[in-house]
């Protein structure tokens, strides 16, 4: 808060910035509500998934586009940049993260995984089990993101043709 001893220009600037922030926040809330309504009308099953909010669901719908666009869940994973890429050397068999694909879709899947890691019990158990097996945090997240992509692709292919009809 600006003190009354601050110059008038400083106080006016702070007031203008505060009003702009309040307006932007109000518009963001209204748009989020509208986005939730649109996604709910198109894919209610998507919003029922753990960790999937209206913004990530909208990104999934935009990237997925329509039934039949992608021939398989592997193609969806490659589009999302979550398909495992072999990075083995010698005796060690491992995979690395894919840096290609639709970065917004990748971010949406990453957000879903991060939310699930925090509060979704089956995901917490999976992380604990894989940690005991000696997997790194990065490898666990790569596996989780691929699994989430697989499940969401199946859900989109299965449930949205019914919603469109």
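In the numbering used here, the protein residues as written are 33 to 197.
C-beta atoms are modelled at their ideal positions from N, C-alpha and C, and glycine is treated no differently.
According to DSSP, simplified to helix, strand and coil, what is residue 103?
coil
Put residue 126 into one of helix, strand or coil per three-state DSSP.
coil
As a quick exercise: from 112, 85 and 72, pick the residue whose alpha carbon is nearest that of residue 96.
112
Which same chain residues end up closer than 8 angstroms to residue 191 when comparing Cβ atoms and leaving out the 5 residues on each side of it in sequence?
75, 77 and 78
Taking the alpha-carbon of residue 139 as reference, which of 68, 49 and 91 has the nearest alpha-carbon?
91
Just tell me which of 118, 46, 172 and 136 has its CA closest to the CA of residue 128.
118
Note down, in chain order, each residue of its chain lying with its Cβ closer than 7 angstroms to the Cβ of residue 159, except the 5 sequence neighbours on either side.
149 and 172
Just verifying my parser: in three-state terms, what is the DSSP assignment at residue 191?
helix
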